[in-house]
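Notes to accompany the following structure.
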Amino acid sequence: MLHIVACIKQVPDTKIIKMNPKTNTMDRRTAPAILNPYDAHAVEEAVRLRERYGGKVSVVTMGPPPAVKAIKKCIEIGADEGYLITDRRFAGADTLATSYAVTKAIEKISKENPVDLIICGKMTIDGDTGQVGPGIARRLDIPPLTSVNKVVEINQTERTIVVHRKLEDGYEVVQSTLPCLLSVEKTVNEVPYAPFPNMLKAARYKPHVWSVDDLDDVDIKQLGLKGSPTIVSKVWAPPKPQGGEMLEGNPQQQVEQLLSVLLDKKELFQSKEGV
Amino acid sequence: MDFKDYKGVWVFIEEKDGEIPSVSLELLGAGRKLADKRGTELAGILIGHHVKQLASPIFEYGADKVYLYDQPIFENYRTESFMKALLECSNKYKPEIILFGATSTGKDLASAVATDLPTGLTADTTELDVEEETGLLLASRPAFGGNIMATILCKKYRPQMATVRAKVMKALEREPGRSGELIEETIDLKESDIRTKVLEIVRETTKKVRIDEADIIVAGGKGLGSAEGFQLVRHLADTLGAAVGASRDVVEAGWIEHPHQVGQTGVTVTPKIYIAIGISGAIQHIVGMKNSGIIIAINKDPEAPIFDACHYGIVGDAFEIVPILMQQFKAALNREEVSHVREV
Ligand SMILES: Cc1cc2nc3c(=O)[nH]c(=O)nc-3n(C[C@H](O)[C@H](O)[C@H](O)COP(=O)(O)OP(=O)(O)OC[C@H]3O[C@@H](n4cnc5c(N)ncnc54)[C@H](O)[C@@H]3O)c2cc1C
Ligand SMILES: Nc1ncnc2c1ncn2[C@@H]1O[C@H](COP(=O)(O)O)[C@@H](O)[C@H]1O
């Protein structure tokens, strides 16, 4: 029986986000909150491993109360339990403070039902760092395996796992002891449409909701803004490029001008090897 | 924590097949500037097995010092072993700043090290500067899907750490014979202390597309209308001997595979010539190609933002312009006897 925990986050959909050009802040009303797309793959992988080896999938997230919706999405994918840790004292956390808080939640979950494997997404589309996963692993003192694009097998008697880690030009096959933490690529699996029974279950599901006071041995100084070594000092709109010279005339004339630009660099066209 | 104890700028040097990838050399270039501004030294930290000979190129690309861990346990990159070496070295010599490439290895290692130290870590930096007086690192990066830039500081902890994107910093000219101080360290680590094992490394046999190494890129966008229309881009690329790039929308439409995607969620490229055809010029695309030598844009919409980002622009229909261009280019080649010969 495996107990797998997937770490997930609710994020604003940065694809359709609108920025307020005056303040350079995000206009939250225009940005619908979604389950971080990479985390859907993390949950899906956990569910697949449960189907292969038996066990249970829990998801955990730190976020504001509406993050319940992201947990429900995970139940649709097939997770069994969801935990939301939510508290004003978590607010403003950078990756170091986030990994601390999420670790405290996992430790608490672990007390009732020891955790064998933790799966994170490659990165969030708002934080966009990929740092939280390895951070959690270090805090729990378990090996982090990032860039995972395939889980080959789990050996429950030996307590080992074998995965593929993506490299620039291929992959490496790595074995680790359990428990460990995986950060998965999108290519690790495809997330199918949720089966109807899961959707029903998700609609009714009520996640466990914990505040800081529900967690054990928490050092308040390591939470939220106070526990975050990095601070955003300044935001600005990326500079608008100046623009170049427009080549005028009819197409024939435009091309002639362009050609003289290209032929200025003719050494580039000479040195090509024949293939 | 006494900040006065922390001195020097470090760059984590990656190694692959006995060579230093360009991202590490770029970081040495960037690190050199920071170190000079602070009046301090630049060091490379090199971890591996049989890698000692790489110390001299590190000096030649700008480092004053190299910290070296050369032991069998470092044969393959593993988070736990590399992290332990880097933590030990950092605690012993106390650098003010450590830079890593924002590569899968660099990010993996930096995240682990920053958690243990603990300190702040800024991801995917694209601009770096340092305050001369205080040594405060100003690490800037695109945020919220590239909609804004943000400068991140780490005021209360040392060392300050950042991962830095490839191809945005510039390596220095190699200075043959330039040398420095090699500091050889060893760490007491047994194989049984490490909980992961690399069983096998598989190099994909199909040749990977590396558009980031191309001198000339012809990139196409949604404006080409269809997969068939996109052939126009491939033909022009063939004619010019160029690599083929694409916008994300084209990749999502399935006209070409992801390794060809230029931009924030694709590859950052810096070719000598970049030709954008039927690409509107969204900010996420621009960040991936804006440092190219000459940028040429062909688009039928005179208002397309790509024209703000190019050196030369043609307002026109790609299906009209590009065939003329191919024909005239071939003619010019013959005329000028530019020998783009395909010898067999
Ligand atoms: C988080 C995030 C990450 C992203 N990452 C990337 C990334 O890495 N790379 C990337 O490219 N995009 C990325 N995008 C998407 C980006 O915002 C744009 O949607 C995308 O670049 C647009 O692609 P396009 O220019 O091909 O298409 P469009 O915006 O549809 O532009 C098509 C252009 O073709 C022109 N055109 C039409 N017909 C012709 C013709 N016959 N001849 C000439 N011109 C013609 C049109 O005038 C138009 O300007 C990202 C977006 C987000 C939110
Ligand atoms: N607030 C959070 N709660 C739970 N898990 C998180 C949170 N933030 C990040 N993660 C996990 O860490 C991964 C990397 O996030 P990031 O470092 O923000 O890019 C995500 O894909 C999640 O799996």
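From first to last, the protein sequence lines are chains G and S.
One point on numbering: in my numbering, the residue at position 106 of the first sequence is 90, and numbering is uninterrupted.
Count along the second sequence starting at 1, add 123, and that's the number in my numbering.
Glycine included, each C-beta is placed from N, C-alpha and C at the ideal position.
| Query | Result |
| --- | --- |
| How about F74(G): is its C-beta nearer than 8 Å to some C-beta of chain S? | no |
| Would you list the residues sitting across from C(-9)(G) in a DSSP beta bridge? | V44(G) |
| Determine whether the Cβ of P16(G) lies closer than 8 Å to any Cβ atom of chain S. | no |
| Comparing alpha-carbon positions, which option in G117(G), T141(G), R123(G) and E29(G) lies nearest E91(G)? | R123(G) |
| Which ranges does the alpha helix (DSSP H) cover as unbroken runs of at least 4 residues, wholly within the segment 49 to 80 of chain G, from first to last along the chain? | 52 to 61 |
| Establish whether the CB of P127(G) and some CB of chain S are separated by less than 8 Å. | yes |
| Tell me where the alpha helix (DSSP H) around V373(S) begins and ends. | R371 to E375 |
| On the DSSP bridge list, what partners appear for N139(G)? | T144(G) |
| Secondary structure at M412(S), three-state DSSP: helix, strand or coil? | coil |
| Please compile the residues from chain S whose C-beta is within a distance smaller than 7 Å of the C-beta of A221(G). | I271 |
| Can you list, in chain order, the residues of its chain whose CB lies under 6 Å from that of G76(G), leaving out five sequence neighbours each side? | G208 and L209 |
| Residue range of the alpha helix (DSSP H) that T228(S) falls in? | S227 to D239 |
| Taking C-beta to C-beta, are H(-13)(G) and V99(G) nearer than 8 Å? | yes |
| Quick one: list the residues of chain S neighbouring I260(G), beta-carbon separation under 8 Å, in chain order. | There is simply no residue 260(G) to check, as chain G begins at -15 and stops at 259 in what is shown. |
| On the premise that L232(S) lies in contact with P272(S), defined as a C-beta separation below 8 Å, what is that separation, rounded to the nearest angstrom? | Correcting the residue type first, residue 272(S) is Met in the shown sequence and not Pro. Not quite, the Cβ-Cβ distance comes to about 25 Å (not below 8 Å), so this is no contact. |
| Using the Cα positions of S462(S) and S370(S), report the straight-line distance between them to the nearest angstrom. | The predicted model places S462(S) with a pLDDT of 47, which falls under 50 and marks its position as unreliable, so this point remains unresolved. |
| Is the CB-CB distance between G268(S) and T79(G) below 8 Å? | no |
| Check each candidate in L242(G), K150(G), R73(G) and V158(G) and name the one with the smallest Cα separation from K205(G). | R73(G) |
| With a floor of 4 residues, list each alpha helix (DSSP H) that falls wholly inside the segment 168 to 197 of chain G, ordered by position along the chain. | 180 to 188 |
| Provide the residue span of the alpha helix (DSSP H) that contains Q237(G), from first to last. | P235 to L247 |
| Taking all protein chains shown into account, do 16 or more other C-beta atoms lie within 10 angstroms of the C-beta of I181(S), making it buried, or fewer, making it exposed? | buried |
| Going by the CB atoms, is the gap between E35(G) and V175(G) shorter than 8 Å? | no |
| Which residues in chain S sit within 7 Å of S83(G), going by Cβ to Cβ distance? | T238 |
| Compare the C-alpha of I145(G) against each of K423(S), T319(S), L157(S) and K413(S) and name the closest. | T319(S) |
| Which term fits E257(G), buried or exposed, when burial requires 16 or more other beta carbons within 10 angstroms of its beta carbon? | For E257(G), the predicted structure reports a pLDDT of 41, less than 50, and the residue's modelled location is therefore unreliable. A value from the coordinates is still provided. When all chains shown are included, E257(G) counts as exposed. |
| CB F430(S) to CB A441(S), shorter than 8 Å? | no |
| Between the segment 50 to 61 of chain G and the segment 186 to 199 of chain G, do at least 3 Cβ pairs fall closer than 8 Å? | yes |
| Between the segment 303 to 335 of chain S and chain G, which residues of the former have CB atoms less than 7 Å from a CB of the latter, in chain order? | R318, T319, K320, V321, L322, E323, I324, V325, R326, E327 and K331 |
| Quick one: is G228(G) near chain S, going by C-beta distance under 8 Å? | yes |
| Spatial neighbours of K2(G) within its chain, please: CB distance less than 6 Å, with the 5 preceding and 5 following residues excluded, ordered by chain position. | D11 and T14 |
| Touch check for the segment 334 to 349 of chain S and the segment 299 to 316 of chain S: three-plus C-beta pairs under 8 Å? | no |
| For T269(G), collect the residues of the same chain with a Cβ closer than 8 Å to its Cβ; drop the 5 residues on either side in sequence, then sort them by chain order. | Summary: the structure shown does not reach residue 269(G), with chain G confined to residues -15 through 259, and so no result is reported for it. |
| Check whether the Cβ atoms of A399(S) and I418(S) sit closer than 8 Å, and answer yes or no. | yes |
| Going along the chain, which residues of the segment 127 to 146 of chain S sit with their C-beta nearer than 7 Å to a C-beta in chain G? | none |
| Applying a beta-carbon distance threshold of less than 7 Å, which residues of chain S neighbour Q238(G)? | I437, G439 and I444 |
| With 8 Å as the C-beta to C-beta threshold (strictly closer), list the residues of the segment 350 to 375 of chain S near chain G in chain order. | L363 and G364 |
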